[in-house]
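Below you'll find the structure, written out as structure tokens, and then a few comments.
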DNA sequence: GTCCAGGTCTTCC
DNA sequence: GGAAGACATGGA
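Numbering (our numbering), first residue to last: 4 to 287.
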């Protein structure tokens, strides 16, 4: 048999919301299942009563890489309990989508994707990332009669591209940023592995050295790839949420909002951020 | 046609 | 320090 599958018995996990909530950009819904790429493997995930089922196109004995990516073993109830219980806005956001989770992505792919995200809608980011993978990624094993799927190209591969090749992937003015960043990663000028053992502030200051990476994109990578639970990306949606819900009268400065995000939401502020983001985008 | 999108960087006051 | 403008592209 050249096909493997497993089931992660997990409760309170909303696969669709999690995979389509703008953390990762390579998941596609196909006939009720979700197809994507994790750790160089093509994967198909399906929400079942007993949990999440996973299929791969290769023979695999170990699923820990996917278990880690999906954060199956996180104490999710503890995360929800850590939220400020008297915050009715946040509680409402949680109720509206209580199985929304955070993924744990590979840093370079997350970083590269979010460099491409600035002032783009999520659907367009997905299109750009898909083009980048098709043109510069490596072909992966897929099921028979399944369309070809490619890996997200390494920093080395992107660093070897010409800027106009990248622009052909519709990324516009983001092309030089992705290219320069890829070169800094490939040359070792910035070592993404080293960020795992840094503090949140140290890791952020390292990321913002990269062209096209400011505070918001750095926080996305710190939250979605490195798992810093207090990283709190403030984008246009979160800005709107914080202003409307928490500061309806005053017009707080950006600095004030950052301080609020770090003090009000507790040790898992990043999760709270994802709930508010999803809530603002999906409510009528 | 106009507005805006999971921003960042530069310029100018 | 904070407020504008530029930057490509395409969906709403």
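By construction, the Cβ of each residue, glycine as well, lies at the ideal position given by its N, Cα and C atoms. As the structure is a prediction and not an experimental result, all values here were calculated from the model.
Which listed residue (25, 224, 149 and 105) has its alpha carbon closest to that of residue 127: The residue given as residue 127 occupies position 124 in the first chain. When each option's Cα is compared against that of residue 127, the closest is 25.
Residue 25 - partner residues in DSSP beta bridges: Numbered from 1 along the first chain, position 22 holds the residue referred to as residue 25. Paired residue(s): none; residue 25 is not in a bridge.
Same chain, Cβ closer than 6 Å to residue 66, neighbours up to 5 away in sequence not counted: Against the first chain, residue 66 aligns to sequence position 63. Cβ neighbours of residue 66 beyond the five flanking positions: 9.
Counterpart residues of residue 55 in DSSP-defined beta bridges: Stepping through the first chain from its first residue, residue 55 is reached at position 52. Residue 55 pairs with 11 and 50.
Cβ neighbours of residue 134 in the same chain (closer than 6 Å, five flanking residues each side left out): For this step, residue 134 is matched to residue 131 along the first chain. Closer than 6 Å at the Cβ level, and outside the excluded window around residue 134, lie 172.
For residue 31, the residue or residues it bridges with in DSSP: Here residue 31 corresponds to residue number 28 of the first chain, with the count starting at 1. Residue 31 is bridged to 38.
Backbone secondary structure at residue 45 - three-state DSSP: Within the first chain, residue 45 is the residue found at index 42, counting from 1. Residue 45: strand per DSSP, three-state reduction.
Residue 116: first and last residue of the uninterrupted alpha helix (DSSP H) it sits in: In the first chain, residue 116 corresponds to position 113, counting from 1. Residues 110-118.
Three-state class that DSSP yields for residue 6 in the structure shown: Along the first chain, read from residue 1 onward, the residue named residue 6 stands at position 3. Residue 6 falls in the coil class under three-state DSSP.
The alpha helix (DSSP H) enclosing residue 76, as first and last residue numbers: One-based indexing of the first chain puts residue 76 at position 73. Element bounds for residue 76: n/a, residue is neither H nor E.
Rounded separation between residue 14 and residue 190 - CA only: The sequence position of residue 14 within the first chain is 11, counting from 1. The sequence position of residue 190 within the first chain is 187, counting from 1. One C-alpha to the other measures close to 43 Å.
Cβ contact check for the region 173-190 and the region 106-122: 3 or more pairs under 8 Å: yes
Residues near residue 137 in its chain [Cβ-Cβ closer than 6 Å; skip 5 each side]: Here residue 137 refers to the residue found at position 134 of the first chain. Counting only Cβ-Cβ distances below 6 Å, and skipping sequence neighbours, we find 153.
Cβ-based burial, residue 176 [other Cβ within 10 Å; buried from 16]: Position 173 of the first chain, counting from 1, holds the residue named residue 176. By the neighbour-count rule (16 or more Cβ atoms within 10 Å), residue 176 is not buried but exposed.
Reference residue 282, options 271, 240 and 259, closest by Cα: Position 279 of the first chain, counted from the start, is the residue given in the question as residue 282. It is 240 whose Cα lies nearest to the Cα of residue 282.
Check: residue 226 C-beta below 7 Å from any heavy atom of the ligand FMN: In the structure on display, the ligand FMN does not appear, and there are no ligands present to speak of.
Residue 202, buried or exposed, once every other Cβ within 10 Å from all chains shown has been counted against 16: Translated into the one-based positions of the first chain, residue 202 becomes position 199. It is exposed - the Cβ of residue 202 has fewer than 16 other Cβ atoms within 10 Å.
Distance between beta carbons of residue 269 and residue 85, contact taken as under 8 Å: The residue labelled residue 85 in the question sits at position 82 within the first chain. The residue labelled residue 269 in the question sits at position 266 within the first chain. Rounded, the Cβ-Cβ distance is 5 Å, consistent with contact.
Residue(s) in a DSSP beta bridge with residue 153: Here residue 153 refers to the residue found at position 150 of the first chain. 142.
Other residues of its chain near residue 195: CB distance less than 8 Å, five sequence neighbours each side excluded: Indexing the first chain from 1 puts residue 195 at position 192. Counting only Cβ-Cβ distances below 8 Å, and skipping sequence neighbours, we find 110, 111, 114 and 188.
8 Å Cβ cutoff met for residue 143 and residue 39: The sequence position of residue 143 within the first chain is 140, counting from 1. The sequence position of residue 39 within the first chain is 36, counting from 1. No, Cβ-Cβ distance for residue 143 and residue 39 is not below 8 Å.
Cβ pair residue 20, residue 108 closer than 8 Å: Within the first chain, the letter at position 17 stands for residue 20. Within the first chain, the letter at position 105 stands for residue 108. Against a cut-off of 8 Å, the Cβ pair of residue 108 and residue 20 comes out as no contact.
Minimum C-alpha distance to residue 122 - residue among 55, 182 and 220: Here residue 122 corresponds to residue number 119 of the first chain, with the count starting at 1. Here the closest residue by C-alpha is 220.
Assigned exposure category for residue 247 - 16 Cβ within 10 Å defines buried: Numbered from its first residue, the first chain carries residue 247 at position 244. The residue in question, residue 247, is exposed, as its Cβ has fewer than 16 Cβ neighbours within 10 Å.
Closest by C-alpha distance to residue 7, when choosing among 76, 75 and 146: For the purposes of this step, residue 7 is taken as residue 4 along the first chain, with counting starting at 1. Comparing Cα-Cα distances from residue 7 to each of 76, 75 and 146, the minimum goes to 146.
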